[in-house]
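In the numbering used here, the protein residues as written are 1 to 153.
Backbone N, C-alpha and C define an ideal beta-carbon position, used for all residues, glycine too.
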C-alpha cells in the first residue's frame, strides 16, 4: 500500500524569470516542503513529466494561463476528462506545445498515466518580463489553497 504522499504528484510549470509566468514556481515554493504529495518543478517543459512520474494515481498540474476573457488572478480547475476537453491551447511556435496538448500526447505515449488528473491554472495579464501583478499573486495563493484542499481529499 502506498503512503498518501506517494499517491499524488504535483507538477508546477512556468518560467520564474518571466513575470506572471512565475505562478508555477510560486506554487512549487509554497508546497514543496509540507505537501502531502511529491511536488516537482518542470520549468516550461511538460514532457519532462515522463521522466519524473513514479506511478502516482493522482496528478495535479499547475501553470499560468493566458485567457483574455478571464480577469487576471482567476483560478480555474479542470478535473478528469475536462483537462483534455476544456484545456485548449495552441502551439506558441514550432518547438513548444501548450500544456493541454502535451498532456494529451503524454497520456497516449507513457506506459502508465495517472487515473485522477487535475489542472489548476491562474489567469495572467501577460507573459512579459517584470513582476507578477498583485491580482496574479493573489491568484497564485488561491491556487496553493485549492491544491492543499485537493491533497486533503
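Going by other Cβ atoms of all chains shown within 10 Å of its Cβ, with 16 needed for buried, is residue i buried or exposed?
i: residue 33; result: exposed
i: residue 41; result: buried
i: residue 19; result: buried
i: residue 63; result: buried
i: residue 52; result: exposed
i: residue 59; result: buried
i: residue 130; result: exposed
i: residue 108; result: exposed
i: residue 114; result: buried
Only counting the same chain, and skipping five residues up and downstream in sequence, which positions put a Cβ closer than 6 Å to that of residue i?
i: residue 16; result: 22, 25
i: residue 38; result: 9
Roughly how many angstroms separate the alpha carbons of residue i and residue j, rounded to a whole number?
i: residue 43; j: residue 116; result: 22 Å
i: residue 9; j: residue 104; result: 17 Å
i: residue 11; j: residue 128; result: 22 Å
i: residue 110; j: residue 79; result: 19 Å
i: residue 85; j: residue 119; result: 12 Å
i: residue 35; j: residue 68; result: 32 Å
i: residue 27; j: residue 122; result: 11 Å
i: residue 136; j: residue 46; result: 22 Å
Can you name, in chain order, every residue of its own chain whose Cβ lies under 7 Å from the Cβ of residue i, other than the five neighbours on each side?
i: residue 153; result: none
i: residue 49; result: 11, 42, 106
i: residue 151; result: 8, 35, 36, 37
i: residue 81; result: none
So, with DSSP's three-state summary, where would you put residue i?
i: residue 18; result: coil
i: residue 84; result: helix
i: residue 102; result: helix
i: residue 113; result: coil
i: residue 186; result: As displayed, the chain neither begins before 1 nor continues past 153, which places residue 186 out of reach and without an answer.
i: residue 50; result: helix
i: residue 12; result: strand
i: residue 131; result: coil
i: residue 38; result: strand
i: residue 59; result: strand
i: residue 73; result: coil
Using 8 Å for Cβ pairs, my map puts residue i next to residue j. What's the rounded Cβ distance?
i: residue 73; j: residue 138; result: 5 Å
i: residue 99; j: residue 61; result: 7 Å
i: residue 142; j: residue 75; result: 5 Å
Once you ignore the five residues that flank residue i on each side, which residues in its own chain have a CB closer than 8 Å to its CB?
i: residue 14; result: 21, 22, 23, 24, 25, 43, 44, 63, 64
i: residue 93; result: Residue placement at residue 93 cannot be trusted, given a pLDDT of 44 that sits under 50; what the coordinates show is reported in the next sentence. The answer is none, since no qualifying residue turns up.
i: residue 148; result: 31, 35
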